[in-house]
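Residue numbers (the working numbering), protein chains in the order written: chain H, 1 to 165; chain G, 1001 to 1095.
Cβ atoms here follow ideal geometry from the backbone N, Cα and C, with glycine treated the same way.
All of these numbers come straight from a predicted model, not from anything done at the bench.
Some notes on the structure that comes next.
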Amino acid sequence: MNVKELGNRPQMYLFSDGVAELMIGLFMFLYSAALSLIVHLPKNWGYGWGGFAGPILLALGGFGMMRGMKLLRERVTSPRGGYVVPYVAPRNRLVWALGGGIMAATFGGLLALFHHSEAEFWCAVFGLAYAITGCYIGWPICSCWRRFPARFCGGSQAAAAIWLL
Amino acid sequence: MSDLDRVIHEPGRLRIAALLSGAKEADFLFLQRETGLTKGNLSSHLMKLEEAGYVEIEKAFRGKIPLTIVRLTPQGRAAFEGYRKSMNGLLKQES
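Structure (structure tokens):
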């Protein structure tokens, strides 16, 4: 009996049905769709309230994704294999879920305050909106922080912060 | 050896405690599948763990489907960690 391996089984179980990978793939598709929406907006929409369409679409898509994952698991996985919620030590959640988002939000906020042009201001505001949305979506993903998806989420937030800078 | 927690030391209960140490909560079906115990055996072990205060058992419904949810209590988590440390210490002494 390998006690350590038994302790890891609840985490492994969540990734055994493919639902998480399916939803993360959908999330990546939504993310790229949201970004390309900004690029293809008419020029006079680029810097204005129309630019918030991307983060709003992302937030709604993230909400739909979480609901979809929960429903699929309730209908398909849990009746066959059982129901389990992995245990995450409280300190682990904060580091990856909020770290990249706080960085991006800080840089975005500073840039919005000390901007030199209107383009810079809107760029910072959109970055801030994306950082907040990323935290909202990243929080449940980062609840299994040891896994690649959580590191991807935190890493992409940090990359967005560096890009903003 | 006499310091070992006999409630957790039993192989079936050790498997249950080890599984629950990695879970916030789990249902009866998951525990049965992963431990390989029969329903009666698993129920009996869970009852002993509940009497010792190491697990809490909640009967719930998801729609019309009954669900038995099991969680390790903070006392149970501490007891399992203490058992692990005792065993590691014992094995180090032997080697």
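Roughly how many angstroms lie between the CA atoms of residue i and residue j, to the nearest whole one?
i	j	result
H:CYS144	G:ARG1077	Residue placement at H:CYS144 is poorly supported in this model, since its pLDDT is 47, which falls under 50; the coordinates are not used for a value here.
H:LEU26	H:GLY62	9 Å
H:SER16	H:PHE114	48 Å
G:ILE1008	H:THR77	30 Å
H:LEU6	H:MET12	10 Å
G:PHE1116	H:GLY82	There is no way to answer for residue 1116 of chain G, as the model of chain G reaches only from 1001 to 1095.
G:LYS1048	G:ALA1079	14 Å
G:LEU1090	H:ALA59	52 Å
G:ASN1041	H:PHE126	57 Å
G:LEU1020	G:GLN1032	12 Å
H:ASN2	H:ASN8	10 Å
G:LEU1067	H:PRO79	10 Å
G:LYS1059	H:PHE121	54 Å
H:THR106	H:THR133	14 Å
G:SER1086	G:PRO1074	18 Å
H:ALA53	G:PHE1061	39 Å
G:ARG1084	G:ARG1006	13 Å
H:LEU14	H:ARG75	14 Å
G:SER1043	G:TYR1054	14 Å
H:SER32	G:GLU1081	44 Å
H:ALA65	H:GLY18	Note on identity: in this sequence residue 65 of chain H is Met, with Ala being the wrong assignment. One C-alpha to the other measures close to 14 Å.
G:ILE1065	H:LEU71	15 Å
G:GLY1063	G:LYS1092	50 Å
H:VAL39	G:LYS1039	58 Å
G:LEU1037	H:GLU21	30 Å
H:VAL84	H:PRO10	6 Å
G:ALA1052	H:VAL88	24 Å
G:ASP1027	H:GLU118	55 Å
Run down chain G in chain order and give the residues with a C-beta less than 9 Å from the C-beta of residue i.
i	result
H:MET1	PRO1011, LEU1014, ARG1015 and ALA1018
Any beta-carbon of chain G closer than 8 Å to the one on residue i?
i	result
H:CYS144	Below a pLDDT of 50, predicted positions are generally treated as unreliable, and H:CYS144, at 47, falls in that range; the measurement from the model is reported next regardless. Judged by the 8 Å Cβ criterion, H:CYS144 is not in contact with chain G.
H:TYR130	no
H:TYR87	yes
H:PRO55	no
H:GLU118	no
H:PRO42	no
Between residue i and residue j, how many whole angstroms is the CB-CB distance? I'm expecting something under 8 Å.
i	j	result
G:ILE1016	G:THR1035	6 Å
G:PRO1069	G:GLU1010	Here the sequence assigns Ile to residue 1069 of chain G, which means Pro is not the residue at that position. So it is not a contact: roughly 22 Å between Cβ atoms.
G:ALA1023	H:PRO86	6 Å
H:ALA55	H:ALA129	According to the sequence as given, residue 55 of chain H is Pro; it is not Ala. Sure, about 4 Å apart at Cβ, within 8 Å.
H:MET28	H:GLY68	Going by Cβ atoms, the distance from H:MET28 to H:GLY68 rounds to 15 Å, so no, they are not a contact pair.
G:ARG1013	G:HIS1045	5 Å
H:LEU57	H:LEU30	7 Å
Taking residue i as the query, report the chain H residues whose CB atoms sit under 8 Å from its CB, ordered along the chain.
i	result
G:ARG1006	The contacting residues do not exist; G:ARG1006 stays about 17 Å from chain H at best.
G:LEU1067	TYR83
Could you name the residues of chain G that residue i contacts, counting a contact when the two beta carbons are closer than 8 Å?
i	result
H:VAL84	ALA1023, GLU1025, ALA1026, ASP1027 and PHE1030
H:GLY68	Ordered by position in chain G, no residue passes the 8 Å Cβ test against H:GLY68, which lies about 17 Å from the chain.
H:ASN7	The residue you asked about is not Asn; residue 7 of chain H is Gly in the sequence shown. Within 8 Å Cβ-Cβ: ALA1018, LEU1019, SER1021 and GLY1022.
H:GLU74	ARG1062
Residues of chain G with a CB under 7 Å from the CB of residue i: which are they?
i	result
H:GLY81	PHE1030 and ARG1033
Practice problem: Any chance you could list the alpha helix (DSSP H) runs of at least 4 consecutive residues sitting entirely within the segment 1012-1042 of chain G, in chain order? | Solution: 1028-1035
Self-check item: Secondary structure, alpha helix (DSSP H): runs of 4+ residues fully inside the segment 1-73 of chain H
Solution: 3-14, 19-39 and 53-72
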